[in-house]
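Quick notes on the structure that follows.
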């Protein structure tokens with residue numbers, strides 16, 4: 003999952019700054035893999051027993067964490083908690099009061115992937131009550147923290163609009179880090195010679211887990227409103243959907259659901275694809291699938307919401323094109339799919355763009371800014 007990788011990249015950045023990091027995960031069956039557990043020790047991070055539900059159990063586990071910190075000669079300077087409103091109770095709702103009681107000198111940071119109440123409101127327009135509940139809980143968590151890390155400047159603005167009392171310095175956008183090998187050498191011989199690869203590539207690709215309601219809503223919008231137009235504009239074109247847990251009736255023999263694939267197979271599929279689609283509707287934050295496309299040099303068509311945090315300037319060399327209605331989305335796909343020169347300009351820009359904006363150095367600089375602001 004993109005959010006899991008982002009969290010691990012933050013851990014790596016903290017370690018690169020010389021921080022002593024302890025990782026305490028809330029156990030959710032099926033989400034924590036053996037690989038996740040093995041990677042933490044390799045970067046010098048101790049993983050503690052997964053935090054469990056229940057007030058008494060959580061208190062005991064938080065007390066144990068604090069004792070562990072004191073045993074290493076100092077209390078924790080900062081406690082970073084992720085905020086997710088998905089299938090379980092968000093950890094900050096459970097832990098904020100305990101942390102303030104048991105470790106009053108620790109600074110509290112919230113790492114949020116979304117403006118959650120806006121996402122809930124957009125994908126569940128019929129359930130205003132739930133969106134209002136999430137809004138109250140989410141803003142309450144932010145008010146109880148010392149700093150909030152967002153994924154984008156756009157999310158920072160959205161939070162400040164909803165809760166102006168927080169103040170701009172309190173919210174710090176934390177750039178996503180790309181660790182793709184393609185980024186290490188964006189001007190490799192492979193990239194320089196890839197003008198020929200336009201002809202060897204074909205079709206469209208969408209990447210995302212079907213259990214994520216934003217992915218489901220986005221793909222449904224594309225299939226319902228745009229796919230017929232694309233097929234008419236580009237006869238014979240096909241769409242491949244990568245990701246687990248899809249239950250969508252595409253009503254087209256030209257849409258192929260491949261399910262989950264490993265990273266090696268995904269890279270091979272991307273290198274054979276001409277255009278990446280990311281028709282994001284009803285979301286905030288940064289869609290990491292878009293960075294995946296740029297890393298691999300696959301020109302991207304996304305929406306205004308999907309372009310959040312991508313640092314696009316609207317030029318013809320942007321690695322992505324932005325379109326918000328079926329007609330313009332189809333036009334953008336056709337333009338990239340049929341114009342080799344336009345395709346190539348965005349193809350070679352993708353890896354370089356990622357190498358410029360989604361780096362460890364940018365993330366570390368923002369973490370250092372937060373530390374200085376909090377006197378750590």
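In our numbering, the protein residues as written are 3 to 378.
C-beta: ideal position from N, C-alpha, C; glycine also.
A residue is called buried when at least 16 other Cβ atoms come within 10 angstroms of its Cβ; residue 76 does not meet this threshold and is exposed. Pairing residue 280 with residue 308 gives a Cβ-Cβ distance under 9 Å.
Setting aside the 5 residues that flank it on each side, residue 81 is surrounded in the same chain by 101, 108 and 110, each with a C-beta closer than 6 Å to its C-beta; the list follows chain order. A straight-line Cα-Cα distance of about 28 Å links residue 95 and residue 210. Here residue 19 carries a coil assignment [DSSP, helix/strand/coil]. For the options 372, 204, 364 and 172, the alpha carbon positioned closest to that of residue 11 is the one of 364. Secondary structure note for residue 84: its beta strand (DSSP E) is the uninterrupted segment 80-85. Proximity to residue 87 across 79, 103 and 116 peaks at 116, based on C-alpha coordinates.
With distances taken between CA atoms, residue 143 lies nearest to 97 out of 177, 323 and 97. When DSSP states are grouped into helix, strand and coil, residue 309 belongs to the coil group. In this structure, 151 is the residue among 151, 139 and 291 with its C-alpha nearest to the C-alpha of residue 9. Listed as beta-bridge partners of residue 322 by DSSP are 302. Inclusion of residue 285 and residue 124 in the CB contact set at 9 Å is warranted, their separation being smaller than that value. Under the 8 Å Cβ criterion, the region 287-306 does not count as touching the region 224-238, having fewer than three qualifying pairs. For residue 244, there is no enclosing alpha helix (DSSP H); the enclosing beta strand (DSSP E) covers residues 241-244.
The region 320-338 makes no contact with the region 262-273; the number of CB pairs closer than 8 Å stays below 3.
Residue 282 sits in coil when the DSSP states are folded into three classes, being neither helix nor strand. In this structure, DSSP gives residue 124 a helical state, which the three-state scheme calls helix.
Counting C-beta atoms within 10 angstroms of its own C-beta, residue 19 has fewer than 16 neighbours from the protein chains shown and is therefore classed as exposed. Taking C-beta separations shorter than 6 Å and ignoring five residues to either side along the sequence, the partners of residue 71 in its chain run 77 and 78, following chain order. If you draw a 10 Å sphere on the C-beta of residue 378, you find fewer than 16 other C-beta atoms in it, and that means exposed.
Annotation: the continuous alpha helix (DSSP H) that includes residue 373 extends over 362-376. Excluding five sequence positions before and after residue 146, the CB atoms of its chain that fall closer than 6 Å to its own CB belong to 98, given in chain order. Ranking 371, 369, 224 and 65 by CA distance to the CA of residue 103 puts 65 first. Around the CB of residue 63, 16 or more other CB atoms lie within 10 Å, so the residue is classed as buried. The C-beta separation of residue 301 from residue 241 comes to about 15 Å, leaving the pair out of contact by the 8 Å criterion.
Contact between the region 163-170 and the region 203-222 is absent, with fewer than three C-beta pairs closer than 8 Å.
In this structure, the alpha-carbon of residue 220 lies about 12 Å from that of residue 229. Residue 372 counts as buried, since no fewer than 16 other beta carbons sit within 10 angstroms of its beta carbon. A check of alpha carbon separations from residue 374 across 266, 148 and 93 identifies 148 as the nearest.
Taking the Cα of residue 105 as reference, the smallest distance to any Cα among 137, 133, 134 and 61 is reached at 61. Of the other Cβ atoms in all chains shown, fewer than 16 fall within 10 Å of the Cβ of residue 43; this residue is therefore exposed. For residue 266 and residue 178, the gap between their C-alpha atoms comes out near 22 Å. About 5 Å separates the CB atoms of residue 17 and residue 45; that is less than 8 Å, so the two are in contact. Here residue 245 is actually not in contact with residue 296; their C-beta atoms are around 18 Å apart, not less than 8 Å. The beta-carbon separation of residue 292 and residue 322, rounded to 7 Å, stays under the 8 Å limit for a contact.
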